[in-house]
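Number of protein chains: 2
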Amino acid sequence: MPSDAIRAALIRRLRISSAIADEDIREIEALPISVRQYPAETAVVRDGERATDCCLIADGFCARSKTIASGKRQILSLHIPGEIPDLMSLFLHVMDHDLSTLTAATLGFISHETLQKLHRRRPVVAEMFWRDTLIDAAMFREWIVNVGQRPAPARLAHVMIELRERLRIIGRVDGASFEMPLTQEQIGEALGITAVHANRVIRQLREEGIVELHRGRVTVLDERKFLQLADFDGRYLHQSPTL
Amino acid sequence: MPSDAIRAALIRRLRISSAIADEDIREIEALPISVRQYPAETAVVRDGERATDCCLIADGFCARSKTIASGKRQILSLHIPGEIPDLMSLFLHVMDHDLSTLTAATLGFISHETLQKLHRRRPVVAEMFWRDTLIDAAMFREWIVNVGQRPAPARLAHVMIELRERLRIIGRVDGASFEMPLTQEQIGEALGITAVHANRVIRQLREEGIVELHRGRVTVLDERKFLQLADFDGRYLHQSPTL
DNA sequence: GGACGTCCTTAACTTTTGTTGGAACCCGGT
DNA sequence: ACCGGGTTCCAACAAAAGTTAAGGACGTCC
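The listed protein sequences correspond, in order, to chains C and Z.
Numbering follows the working numbering, with no gaps: position 135 of the first sequence is 439.
Numbering follows the working numbering, with no gaps: position 88 of the second sequence is 392.
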């Protein structure tokens, strides 16, 4: 994938949540990015490490997670092309969680130094990236609610719909189906349940004719039931720059 | 409480996580703040509202929460004097959650306009506040882990220790005891369990001689057991500006 | 094309947590 | 001093989720 296409995905996403001037877009397009390939299931940055770059996903899926002393892992967020999952490392240099690939991925790295210089030169760009980290935090808030208050089937539906709404922005939803390349183990880690229970819940949603999950692809069978179960209100994604 | 004391609490807290120049401190001290009193259990800003100010806690405890369609409420974070719990509203104008007082509180309001002007004038101050919102997000990540992966007794212990470590910064820990003015209903909402189960867990920790919770005050009975149970690693609080 | 590993699937059983309902306690107001 | 409302506390039962164990599907590598 050419480096230009990567930038385009980023800019498309930023435009959804912030109004950007053409001049600022040119600045972002001029950002030096070094591209690297990663296999599936590989750590990009680890908890405790000191980051010097931010990572822009050009292609593939990533996830952030934390592992506790007992060895249990919690997935905190899923990430798709055009996103910068570790933007927070710009000012929180020591990572407090892991960032890793779910699928094979193409990642672009932008140095903290470059970004900080750009921010000083163009405060509006800084605000746009700041806003991006705030939306990240808003998604964490909703994730807390999901894990803390919703029954397991609703949790799964909610995570699916959030992912779908984000994939939609980058044109990656194909009718009633979209990618969600997680194993049942990982789905459990995202929802705060065990893999066995994740399996039960997936089966239940299939048997009730709501949604089908097969080989990393979600197919919605009954959109109305699906939305109702998920209790989804996308306001927290803050996708409107005018507000 | 005089307006100066409020600023002092804010600056003390910011100093813990960022290095600040004297000149920037003077700028923060010069910020116009309008102070207001709130009774306990009162909404400061509500989900869906458009915020025009940020709220600095001068005195008292606050909490952020979200309520889902079924009526269940999830507490997302607790806040203590010196903090600005809705700093995120600076760039995410429409609230995606509630901010309310737990106890009677004195709150200082700083307009978004004032803050944005200060940021343009002093990019370093902007970065410091940005960092503050990033730490906020880091605390959400840990909260996800808490609710998602730890058994209920560990969840309670973890929330208690997080609160204690933050109270320590502002000199509000008195030996083995500190304030935690939540009802058992609210503790349940914070931990993602019911009030009845919260009561069970509190009783269990008391019977095991680990920690006592009485009338909004926590008293640690066995520090070693307490720490071990909570599985607490404070790195996510990012309290060292040098890193 | 067989062996291996990973993931998915399911069942049986255990533990944790939710639900319901009620009694005791505490505090503020009259 | 007494009342009333909100907590706190508790027990019995129901439901949800965790644990353990084991077979089956599928893809990959020799």
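Glycine included, C-beta positions come from ideal geometry on N, C-alpha and C.
As the structure is a prediction and not an experimental result, all values here were calculated from the model.
With a threshold of 7 Å between beta carbons, Gln378 of chain C makes contact with chain Z. By the neighbour-count criterion, in which 16 or more other beta carbons inside 10 Å mark a residue as buried, Val522 of chain Z falls on the buried side. Straight-line spacing of the CA atoms in Ala534 of chain Z and His462 of chain Z works out to 4 Å. At the C-beta level, Asp363 of chain C and Pro385 of chain C come within 7 Å of one another.
Annotation: Cβ neighbours of Met392 of chain Z in chain C (cutoff 8 Å, chain order): Leu438, Ala441 and Ala442.
Around the beta carbon of Val500 of chain C, fewer than 16 other beta carbons sit within 10 angstroms, so the residue counts as exposed.
Within the stretch 393–407 of chain Z, the residues whose Cβ lies closer than 7 Å to some Cβ of chain C are Phe395, Leu396, His397, Val398, Asp400 and His401, listed in chain order.
Scanning its chain for C-beta atoms nearer than 7 Å, with the 5 sequence neighbours on each side dropped, one finds around Gln341 of chain Z the residues Thr410, in chain order. The C-beta distance from Thr405 of chain C to Thr346 of chain C rounds to 5 Å, short enough to meet the 8 Å contact threshold. Pairing Met432 of chain C with Leu531 of chain C gives a Cβ-Cβ distance that is not under 7 Å. For Asp363 of chain C, no alpha helix (DSSP H) encloses it; the enclosing beta strand (DSSP E) starts and ends at Asp357 to Asp363. Secondary-structure assignment with DSSP links Phe413 of chain C through a beta bridge to C:Ser338 and C:Cys359. Proximity of chain C to Ala373 of chain Z at the Cβ level (cut-off 8 Å) is accounted for by Asp535, in chain order.
Here Gly496 of chain C really is in contact with Gln453 of chain Z; their C-beta atoms are around 6 Å apart, less than 8 Å. Within chain C, the C-beta atoms nearer than 9 Å to that of Lys370 of chain Z come from Arg445, Glu446, Ile448, Val449, Gln453 and Tyr540, in chain order.
Inter-segment contact for the stretch 369–385 of chain C and the stretch 415–434 of chain C is absent: fewer than three beta-carbon pairs are separated by less than 8 Å. DSSP places Thr437 of chain Z inside the alpha helix (DSSP H), whose first and last residues are Pro427 to Gln453.
Going by DSSP, Gln378 of chain C is part of the beta strand (DSSP E) stretching over Arg377 to His383. Put simply, the CB of Gly496 of chain C is near chain Z, with a gap under 7 Å to one of its CB atoms. Judged by their CB atoms, Val524 of chain C and Ala458 of chain C are not nearer to each other than the 7 Å cut-off. With at least 16 other beta carbons inside 10 angstroms of its own, Thr437 of chain C counts as buried.
Taking CB atoms only, Pro457 of chain Z has no neighbour in chain C less than 7 Å away.
The Cβ atoms of Phe444 of chain Z and Ala494 of chain C do not sit closer than 7 Å to each other. For Leu517 of chain C, the beta-bridge partners assigned by DSSP are C:Val522. For the 7 Å CB-CB criterion, Leu314 of chain C and Leu360 of chain C form a contact. Among the residues facing chain Z, Pro427 of chain C is included, as its CB has a counterpart in that chain under 7 Å away. Interface flag for Arg424 of chain Z against chain C is set, since a Cβ pair is found closer than 7 Å. Contact annotation for Arg435 of chain Z against chain C: Phe395 and Leu396 [CB-CB distance below 8 Å, chain order].
Here Glu483 of chain Z is buried: its Cβ has 16 or more other Cβ atoms, across all protein chains shown, within 10 Å. In this structure, the alpha-carbon of Asn450 of chain Z lies about 15 Å from that of Gly492 of chain C. Counting only Cβ-Cβ distances below 8 Å, Glu417 of chain Z has no contacts in chain C at all, with the closest Cβ about 14 Å away.
If you draw a straight line from the Cα of Arg504 of chain C to the Cα of Gly475 of chain Z, it is about 49 Å long. Between the alpha carbons of Leu391 of chain C and Val348 of chain C lies a distance of about 13 Å.
When DSSP states are grouped into helix, strand and coil, Glu387 of chain Z belongs to the coil group. The DSSP-derived three-state label of Thr371 of chain Z is strand.
Taking C-beta separations shorter than 8 Å and ignoring five residues to either side along the sequence, the partners of Pro343 of chain Z in its chain run Thr405 and Ala408, following chain order.
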